[in-house]
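Everything below concerns the one structure shown next.
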Amino acid sequence: MSEIDLTTKIGNLALKNPIILASGTAGYGYELEKYINFNEIGGFVSKGIYFDPRKGNDSPRIYETPCGMLNAIGLQGIGVKRFRDEIIPFWEKYDTVFGVNVAGETEDEYVKVVEYLEREKRVDFFEINLSCPNVHEGGKSPSWDSQKTFSIIKEIKKISKKHIMAKLSPNVTYIEEIAKAAEEAGADSISLVNTFVGMAVDIKTKKPQIKNVFGGVSGPAIKPMALALVFKVFKSVKIPIVGMGGISSAGDILEFIISGASAIEIGTATIVDPRASLKMLKQLKDLMRALNHKNIKDLIGSIITGG
Amino acid sequence: MNGYKSLKIVDKKEWGDNYFSLFLKDKEISEIVFPGNFFMVKIPYFESGAILPRPFSIARVFKEENVFELFFQVVGKGTEVFSKLKEGDYLEILGPLGNKFPIKTEKKIIMVAGGRGISPFLYLSEILKREKKDFLLIYGGKSEKDIKFRHYLSSYNTLFITEDGSYGEKGLVTDFLPKGAFTVFSCGPEIMMEKVYEFYKKTNSEVFVSLEERMACGTGVCYGCAKKIRRGDKIEMVRVCQEGPVFNAKEVVWDE
Ligand SMILES: Cc1cc2nc3c(=O)[nH]c(=O)nc-3n(C[C@H](O)[C@H](O)[C@H](O)COP(=O)(O)OP(=O)(O)OC[C@H]3O[C@@H](n4cnc5c(N)ncnc54)[C@H](O)[C@@H]3O)c2cc1C
Ligand SMILES: Cc1cc2nc3c(=O)[nH]c(=O)nc-3n(C[C@H](O)[C@H](O)[C@H](O)COP(=O)(O)O)c2cc1C
Ligand code: FES
Numbered sequence: 105m106s107e108i109d110l111t112t113k114i115g116n117l118a119l120k121n122p123i124i125l126a127s128g129t130a131g132y133g134y135e136l137e138k139y140i141n142f143n144e145i146g147g148f149v150s151k152g153i154y155f156d157p158r159k160g161n162d163s164p165r166i167y168e169t170p171c172g173m174l175n176a177i178g179l180q181g182i183g184v185k186r187f188r189d190e191i192i193p194f195w196e197k198y199d200t201v202f203g204v205n206v207a208g209e210t211e212d213e214y215v216k217v218v219e220y221l222e223r224e225k226r227v228d229f230f231e232i233n234l235s236c237p238n239v240h241e242g243g244k245s246p247s248w249d250s251q252k253t254f255s256i257i258k259e260i261k262k263i264s265k266k267h268i269m270a271k272l273s274p275n276v277t278y279i280e281e282i283a284k285a286a287e288e289a290g291a292d293s294i295s296l297v298n299t300f301v302g303m304a305v306d307i308k309t310k311k312p313q314i315k316n317v318f319g320g321v322s323g324p325a326i327k328p329m330a331l332a333l334v335f336k337v338f339k340s341v342k343i344p345i346v347g348m349g350g351i352s353s354a355g356d357i358l359e360f361i362i363s364g365a366s367a368i369e370i371g372t373a374t375i376v377d378p379r380a381s382l383k384m385l386k387q388l389k390d391l392m393r394a395l396n397h398k399n400i401k402d403l404i405g406s407i408i409t410g411g
Numbered sequence: 019m020n021g022y023k024s025l026k027i028v029d030k031k032e033w034g035d036n037y038f039s040l041f042l043k044d045k046e047i048s049e050i051v052f053p054g055n056f057f058m059v060k061i062p063y064f065e066s067g068a069i070l071p072r073p074f075s076i077a078r079v080f081k082e083e084n085v086f087e088l089f090f091q092v093v094g095k096g097t098e099v100f101s102k103l104k105e106g107d108y109l110e111i112l113g114p115l116g117n118k119f120p121i122k123t124e125k126k127i128i129m130v131a132g133g134r135g136i137s138p139f140l141y142l143s144e145i146l147k148r149e150k151k152d153f154l155l156i157y158g159g160k161s162e163k164d165i166k167f168r169h170y171l172s173s174y175n176t177l178f179i180t181e182d183g184s185y186g187e188k189g190l191v192t193d194f195l196p197k198g199a200f201t202v203f204s205c206g207p208e209i210m211m212e213k214v215y216e217f218y219k220k221t222n223s224e225v226f227v228s229l230e231e232r233m234a235c236g237t238g239v240c241y242g243c244a245k246k247i248r249r250g251d252k253i254e255m256v257r258v259c260q261e262g263p264v265f266n267a268k269e270v271v272w273d274e
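Residue numbers (our numbering), protein chains in the order written: chain A, 105 to 411; chain B, 19 to 274.
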């Protein structure tokens, strides 16, 4: 029997397989070293990184909701300097596509982070976190606005030669417009979705379950909404798409790929089980075989509607 | 590579009053686990809509049989599902995780447990006795319903306390703390641990507490379990699952 071909491309990025570990759900990498061999996964995205170190939000930061979870970590992080000195060397020993999730409180900060890490050879791409709903009160983010999305990506493109992936928020009325703005500004790809804004209340104390009040919802609960947004964006832009939101099985991976994603990211599933990505990789090969598919690239955007 | 292990439940004990124990068999875990360590345990089915694994401390270890025990109090969805499992069922668990109670000390050890916080001190009592260390276990609960392991603990130096006096001495554990210079370990409600620390703060004693923070991954990837900890003159958000759960009480910011 011939081998299943799981290799895929996101523009100029060549991946061994379509499975990427999503930002904020796989730490900086070293935390998972005793559980998985990074050479087996398609790609890895770091925790969101601001220019300076950040303490993050007060606890409680997480709360479980039906088939998902709320989080308001507040992008706790070590800042670019320690990231360059301590984390990038860790990635030298592994052969997988490595991306840095770039955060910023201002347009300038995004640019500063990219500038600082631009010359690092080990960094294959920047995933621009336009969408982190936690930090500013009310969860406001630049990806709510197509003009802000456009100008941030444009400024970054001016100073970076690396692959720029724009990560979008689902908390918008018309995502196609935002995706197009990112494409026009020169983004090489689009990843979506980040978490949905949510909250939960303790009925005894009448206090929100999360100290920050609002949090981001992730996990299987958001999968149908995430998939719809991926398909909408697929129909409106030409650049490749990386899909995510609640993926927890090989079947879920194929749903996103058939709906237009060239690769996918796994988030909450890694929180639930550090080996989830590799378990899904094995399942994916078996599922492809069972469905008589040989090459995953043939399935990208192969959805059949209205027939 | 390591990951979740699927382990058979070889025995179950119902203690009544919403407490129960599950006994699992695994040679490697039984050999390496130490009090303070904990496990992440997956909820076996999705009926509850719960996807996240839950943290539980090591309770006892039966080394000759390669069996270890987890002690549970039913407080919500996950522990409710666990309470319905039977001998022969399987549980997926990750661990041992986290650090250990630091027992290398010349001082007498005082262990202060509240309710289900007894877990880590069960096996620790056995270890301390084997190592011929001088120790006292103070174990308190609301009423006699919250005091379990009475027979097992009768072979160790234990002081039982209940708020209503229905078993052992009447009062709060903090009313019975001995004065002096000790190494103190505490596990239980945060308010109790804070009071234990307050009591010993100005003495020559060192206090170590096992913190219970909500956890999602247990592996350090999500930063969900962070707690305010003093490091030098700074206050940092430290992951309880990575650098804890046992912390020196003087590093803990007791303000929430
Ligand atoms: C390191 C560590 C060791 C623990 N060891 C034990 C043990 O040996 N035996 C035992 O019975 N319990 C232990 N706990 C507490 C146990 O993890 C929680 O009781 C359990 O997660 C509740 O799950 P649930 O689905 O039943 O409750 P849920 O429905 O999730 O919640 C019910 C209530 O429990 C609270 N809760 C949820 N997660 C935690 C948590 N991690 N810590 C404290 N409260 C929580 C919630 O805020 C809520 O009020 C430990 C916790 C930690 C962090
Ligand atoms: C605890 C946690 C932290 C996250 N941190 C980040 C982050 O730093 N940057 C980012 O772009 N997305 C972050 N996300 C969003 C995820 O990368 C992903 O977009 C989202 O969780 C949806 O995927 P999932 O349902 O598979 O988790 C975080 C998600 C969680 C649960
Ligand atoms: S529970 Fe995820 S970092 Fe500790």
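We put the CB at the ideal spot given by N, CA and C, even for glycine.
Beta-carbon neighbours of residue i, restricted to chain A and to distances below 7 Å
i, result
"B/PRO71", "VAL376"
"B/ALA267", "Within 7 Å Cβ-Cβ: nothing; B/ALA267 doesn't reach chain A, min ~17 Å."
Host alpha helix (DSSP H) of residue i (start-end)
i, result
"A/ASP390", "380-394"
"B/LEU12", "Absent from the model: residue 12 of chain B. The displayed extent of chain B is 19 to 274, so no value can be given."
"A/GLY183", "183-186"
"A/ASP356", "354-362"
"A/SER295", "No alpha helix (DSSP H) holds A/SER295; the beta strand (DSSP E) holding it covers 293-296."
"B/VAL191", "Run containing B/VAL191: none; DSSP gives neither H nor E here."
"A/THR309", "Here A/THR309 belongs to no alpha helix (DSSP H), and DSSP marks it neither H nor E."
Presumed contact (8 Å Cβ cut-off) between residue i and residue j, rounded CB distance
i, j, result
"A/MET329", "A/GLY319", "In fact, because the Cβ distance is near 16 Å, the residues do not count as touching under 8 Å."
"A/ILE370", "A/SER381", "5 Å"
"A/PHE230", "A/GLY203", "7 Å"
"B/LEU190", "B/GLY158", "7 Å"
"B/PHE153", "B/ILE127", "4 Å"
"A/ILE279", "A/LEU234", "Rounded, the Cβ-Cβ distance is 12 Å, inconsistent with contact."
"A/GLY183", "A/PHE155", "6 Å"
"B/SER27", "B/GLY106", "Note that residue 27 of chain B corresponds to Ile in the displayed sequence, not to Ser. Yes, they are in contact, since the Cβ atoms of B/ILE27 and B/GLY106 sit about 7 Å apart, within 8 Å."
"B/ASN84", "B/SER39", "With 8 Å as the limit, B/ASN84 and B/SER39 do not qualify as a contact, their Cβ atoms being about 16 Å apart."
"A/GLY152", "A/GLY178", "About 10 Å; that fails the 8 Å criterion."
"B/PRO120", "B/PHE226", "6 Å"
Under 8 Å from the C-beta of residue i: neighbouring residues of chain B
i, result
"A/ALA130", "VAL239"
"A/GLN180", "TYR241, ALA244, MET255"
Residue interval of the beta strand (DSSP E) (run including residue i)
i, result
"A/GLU222", "Counting along the chain, A/GLU222 falls outside any beta strand (DSSP E), and DSSP gives it neither H nor E."
"A/THR210", "No beta strand (DSSP E) holds A/THR210; DSSP gives it neither H nor E."
"A/PHE254", "A/PHE254 -> not in any beta strand (DSSP E); alpha helix (DSSP H) instead, spanning 250-263."
"A/MET173", "172-175"
"A/GLY319", "319-322"
"A/ALA330", "It is not in any beta strand (DSSP E) - A/ALA330 instead sits in the alpha helix (DSSP H) that spans 327-340."
"B/LYS245", "244-249"
"B/GLN91", "85-91"
"B/LEU70", "First-last for B/LEU70: undefined, no H or E at that position."
"A/ILE404", "Where A/ILE404 is concerned, there is no enclosing beta strand (DSSP E), given that its DSSP letter is neither H nor E."
"A/PHE300", "300-302"
"B/GLU138", "Correcting the residue type first, residue 138 of chain B is Pro in the shown sequence and not Glu. No beta strand (DSSP E) contains B/PRO138, which is instead part of the alpha helix (DSSP H) from 137-148."
"B/CYS205", "201-205"
"B/TRP33", "23-34"
"B/VAL130", "127-132"
"B/MET58", "56-59"
"A/ILE114", "112-114"
Listed by chain order, chain B residues near residue i by CB distance under 7 Å
i, result
"A/PRO100", "This structure leaves residue 100 of chain A out entirely; chain A is present only between 105 and 411."
"A/PRO324", "ILE69"
"A/PRO170", "GLY67"
Under 9 Å from the C-beta of residue i: neighbouring residues of chain A
i, result
"B/TYR22", "ASP377, PRO378, ARG379"
"B/LYS245", "SER163"
Interface residues of chain B facing residue i [CB-CB closer than 9 Å]
i, result
"A/ASN175", "ALA234, CYS240, TYR241, GLY242"
Chain A residues whose Cβ lies nearer than 8 Å to that of residue i
i, result
"B/GLU254", "LYS159"
Output, in sequence order along the chain, the residues in the region 133-145 of chain A whose CB is closer than 8 Å to any CB in chain C. Judged by its chain identifiers, the structure shown contains no chain C, and its protein chains are A and B.
Listed in chain order, which residues are found with a beta carbon closer than 7 Å to a heavy atom of ligand 3? A/ILE375, B/MET233, B/ALA234, B/CYS235, B/GLY236, B/THR237, B/GLY238, B/VAL239, B/CYS240, B/TYR241, B/GLY242, B/CYS243, B/ARG257, B/VAL258, B/CYS259, B/GLN260
Is the region 158-166 of chain A touching the region 309-318 of chain A in the sense that three or more CB pairs, one from each, lie closer than 8 Å? yes
If contact is defined by three or more beta carbon pairs under 8 Å, each pair taking one atom from either stretch, is the region 118-132 of chain A in contact with the region 382-394 of chain A? yes
Is it the case that the region 177-194 of chain A contacts the region 244-260 of chain A, given that we only count it when at least three CB pairs across the two stretches are under 8 Å? no
If you pair each beta-carbon of the region 134-147 of chain B with each one of the region 70-83 of chain B, do three or more pairs fall below 8 Å? yes
State whether the region 94-112 of chain B contacts the region 176-185 of chain B, with contact taken as three or more CB pairs (one from each stretch) at a distance under 8 Å. no
Okay, do the region 131-140 of chain A and the region 211-228 of chain B touch, 3+ Cβ pairs below 8 Å being the bar? no
Counting Cβ pairs closer than 8 Å, one from the region 184-199 of chain B and one from the region 229-236 of chain B, do we hit at least three? no
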